[in-house]
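**Student:** One structure, pasted below without further comment.
Residue numbers (the working numbering): 214 to 795.
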């Protein structure tokens with residue numbers, strides 16, 4: 214191939230990749246823009262379909278441009294020097310764009326799949342472990358500022374008037390008055406001046422059955438987050454809740470919820486604004502919850518390996534908790550992530566294949582997580598220094614995870630794994646904290662099971678070791694190998710023995726199918742003390758009653774979809790508490 218041909222290939226391929234990402238981005242925006250109509254029409258099934266379609270779009274787009282490039286390059290498709298030149302030309306083409314990082318991640322995804330890269334290929338990828346992508350952002354996210362001129366109540370009347378929908382507000386005056394009264398009560402310590410102004414993003418955020426106005430509220434010398442949650446319950450729109458603490462907003466934008474649909478002109482500037490509201494929130498989690506999951510993975514990788522390079526004496530060890538029969542789990546003690554690898558063989562009584570485990574994780578990835586399922590990101594071909602593993606951990610991986618791990622010189626290459634935020638296992642947590650905190654966590658565990666059930670998720674195994682506790686004290690399920698849909702289970706009452714022989718029989722004397730579940734058996738295996746067990750039974754005893762599960766199944770079969778608010782009852786406006794969106 215001559216130099217002229219080389220240039221033509223380089224220029225044409227770089228332009229094709231740029232255009233492919235632009236096409237992906239356009240289709241991403243088209244799906245996202247449906248969220249407003251779904252909310253106005255109360256089309257909750259349609260919004261769930263949109264969420265899955267948007268998640269699947271990235272891989273579809275990468276596959277399309279991959280096929281195009283393979284046809285264009287033919288036998289030169291594996292020419293690394295050519296790809297290096299394509300990368301450099303691509304960088305020139307995207308240099309005027311605001312969201313360059315998203316374009317670069319798209320390119321890296323493409324090359325990694327072409328070359329099945331193990332670790333990092335600096336000759337053909339974009340690599341920047343030391344630069345924050347948000348440092349280059351100068352385009353401010355569109356905002357609307359309101360100043361208190363004639364009272365906080367009138368300010369929020371203007372806010373609602375400036376945010377019209379095809380469905381009218383049921384009673385905007387009542388909502389504005391309730392918001393004003395709520396803010397006065399919460400910011401009583403702000404002094405006589407109190408709330409002086411509000412700044413809100415122009416973009417409305419949608420997820421599940423709610424729309425959110427996101428911004429901050431100002432006092433004389435301080436500010437706080439301010440998020441208005443709107444619901445459409447069939448009788449007009451109403452403001453359901455006002456979130457004004459970083460903790461509540463962090464949970465709303467957290468890694469246990471599904472992704473927002475927000476029609477943002479650019480993404481990076483919104484990340485900067487949200488980071489200002491939530492300075493403790495990792496940038497990768499913000500990208501991810503905005504629907505940019507691939508960029509979230511890139512940022513998680515970049516931050517982690519930058520830390521790893523700064524801590525050469527730290528060793529990967531087994532994560533705290535009971536040894537998993539399906540997964541080997543390791544962590545770096547100084548960094549809040551865990552790495553989960555599927556074992557080659559599963560110990561009895563696990564009756565599941567490797568591919569089925571991956572299917573469970575895919576189900577969670579695309580399902581409404583209702584704030585109770587951790588976001589597990591799938592990674593391939595990660596390269597780690599062999600010497601940075603504790604001996605026992607390295608030996609376990611090489612002995613029991615050969616399908617997922619191999620040695621390559623001084624490195625271990627992890628062919629496939631899931632990476633999650635590290636939580637404290639619930640069974641350990643309740644032994645480490647005061648009894649009051651332990652009971653609070655156990656009660657939230659019971660609520661978590663209810664929230665999951667109403668979203669059609671059955672954990673499969675309700676043991677405390679399969680749940681973790683976040684820094685906000687929330688119980689989250691993170692062990693997915695036995696997870697299934699509630700609608701697929703057969704919930705049964707334990708049969709009564711008919712004679713002494715059946716009563717004394719070791720194990721079950723009755724037939725048990727794979728999908729049979731006996732809720733009344735659960736409490737005996739939880740390992741709670743008498744006080745903890747009594748508290749759980751008093752607050753959530755119905756989860757151990759077969760009739761409750763059958764009732765949930767009936768509602769699901771009838772098309773019912775119980776609303777699970779992503780915030781506590783306490784932040785809802787007076788009159789809305791304990792009222793769910795239909």
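Beta carbons: idealized from backbone N, C-alpha and C, even for Gly.
What separation, rounded to the nearest whole angstrom, lies between the Cα atoms of residue 431 and residue 647?
**Tutor:** 37 Å
**Student:** Given a threshold of 16 other Cβ atoms within 10 Å of its Cβ, counted over all protein chains shown, does residue 222 qualify as buried or as exposed?
**Tutor:** Residue 222 counts as buried, since no fewer than 16 other beta carbons sit within 10 angstroms of its beta carbon.
**Student:** Please classify residue 246 as buried or exposed, where buried requires at least 16 neighbouring CB atoms within 10 angstroms.
**Tutor:** exposed
**Student:** Compute the Euclidean distance between the alpha carbons of residue 670 and residue 695, then round it to the nearest angstrom.
**Tutor:** For residue 670 and residue 695, the distance between alpha carbons rounds to 11 Å.
**Student:** Could you spell out the range, first to last residue, of the beta strand (DSSP E) harbouring residue 544?
**Tutor:** 540 to 544
**Student:** Determine the DSSP secondary structure at residue 630, reduced to helix, strand or coil.
**Tutor:** strand
**Student:** Would residue 552 and residue 614 qualify as a contact pair, given that the criterion is a beta-carbon distance under 7 Å?
**Tutor:** Not closer than 7 Å, so no.
**Student:** Give every residue of the same chain whose Cβ lies closer than 8 Å to the Cβ of residue 787, excluding the five residues on either side of it in the sequence, and list them in chain order.
**Tutor:** 391, 394 and 395
**Student:** Where residue 522 and residue 340 are concerned, what is the direct C-alpha to C-alpha distance, given to the nearest angstrom?
**Tutor:** 15 Å
**Student:** Around the C-beta of residue 372, are 16 or more other C-beta atoms found within 10 angstroms, so that it is buried, or is it exposed?
**Tutor:** buried
**Student:** Which term fits residue 606, buried or exposed, when burial requires 16 or more other beta carbons within 10 angstroms of its beta carbon?
**Tutor:** Looking at its Cβ environment, which holds 16 or more other Cβ atoms inside 10 Å, residue 606 is buried.
**Student:** Which full runs of the alpha helix (DSSP H) of 4+ residues lie inside the region 497 to 534, going along the chain?
**Tutor:** 506 to 523
**Student:** Compute the distance between the beta-carbons of residue 617 and residue 626, then report whether it is under 7 Å.
**Tutor:** no
**Student:** Excluding sequence positions up to five away, which residues of its chain have a Cβ less than 6 Å from the Cβ of residue 253?
**Tutor:** 378, 379 and 380
**Student:** Residue range of the beta strand (DSSP E) that residue 590 falls in?
**Tutor:** For residue 590, the uninterrupted beta strand (DSSP E) segment begins and ends at 590 to 592.
**Student:** Sort 249, 518, 244 and 406 by Cα distance to residue 264 and report the nearest one.
**Tutor:** 244
**Student:** Between 438, 446, 323 and 576, which lies nearest to residue 460 when the distance is taken from Cα to Cα?
**Tutor:** 438
**Student:** Who are the near neighbours of residue 306 in its chain, counting only those whose CB is closer than 6 Å to its CB and skipping five residues on each side?
**Tutor:** In chain order, 227 and 231 place their CB closer than 6 Å to the CB of residue 306, counting only its own chain and leaving out the 5 sequence neighbours on each side.
**Student:** So, using beta-carbon positions, are residue 751 and residue 656 closer together than 7 Å?
**Tutor:** no
**Student:** Do residue 594 and residue 331 come within 7 Å of each other at the CB atom, strictly closer than that value?
**Tutor:** Yes, these two residues count as a Cβ contact at 7 Å.
**Student:** What are the boundary residues of the beta strand (DSSP E) that residue 735 is part of?
**Tutor:** First-last for residue 735: undefined, no H or E at that position.
**Student:** Near residue 609, what residues of its chain come up, given a Cβ to Cβ distance below 7 Å and the 5 sequence neighbours on each side ignored?
**Tutor:** 541
**Student:** Nearest-angstrom Cα distance between residue 508 and residue 319?
**Tutor:** 9 Å
**Student:** How is the alpha helix (DSSP H) around residue 642 delimited, first residue to last?
**Tutor:** 639 to 645
**Student:** What residue range does the beta strand (DSSP E) around residue 555 cover?
**Tutor:** Run containing residue 555: 550 to 555, per the beta strand (DSSP E) assignment.
**Student:** Using CA atoms only, rank isn't needed, just tell me which of 781, 234, 755 and 455 is closest to residue 659.
**Tutor:** Comparing Cα-Cα distances from residue 659 to each of 781, 234, 755 and 455, the minimum goes to 755.
**Student:** Kindly give me the distance between the Cβ atoms of residue 741 and residue 681, rounded to whole angstroms, as I take these residues to be in contact under 8 Å.
**Tutor:** No, residue 741 and residue 681 are not in contact; Cβ-Cβ is about 17 Å, not under 8 Å.
**Student:** Since residue 588 and residue 501 are thought to touch, with beta carbons under 8 Å apart, how far apart are those beta carbons, to the nearest angstrom?
**Tutor:** 7 Å
**Student:** Please report how far the alpha carbon of residue 410 lies from the alpha carbon of residue 520, in whole angstroms.
**Tutor:** 39 Å
**Student:** Would you please state the rounded distance, in angstroms, between the beta carbons of residue 633 and residue 550? I believe it to be under 8 Å.
**Tutor:** So it is a contact: roughly 7 Å between Cβ atoms.
**Student:** Can you list, in chain order, the residues of its chain whose CB lies under 6 Å from that of residue 368, leaving out five sequence neighbours each side?
**Tutor:** 359 and 361
**Student:** Restricting to runs no shorter than 3 residues, where is the beta strand (DSSP E) found entirely within the region 433 to 470?
**Tutor:** 436 to 445 and 450 to 456
**Student:** Among 672, 285, 311 and 334, which residue has its Cα nearest to the Cα of residue 300?
**Tutor:** 334
**Student:** Terminal residues of the continuous beta strand (DSSP E) containing residue 431?
**Tutor:** 423 to 431
**Student:** Please state whether the Cβ-Cβ distance between residue 233 and residue 268 is less than 7 Å.
**Tutor:** no
**Student:** On the three-state DSSP scale, how would you describe residue 227?
**Tutor:** helix
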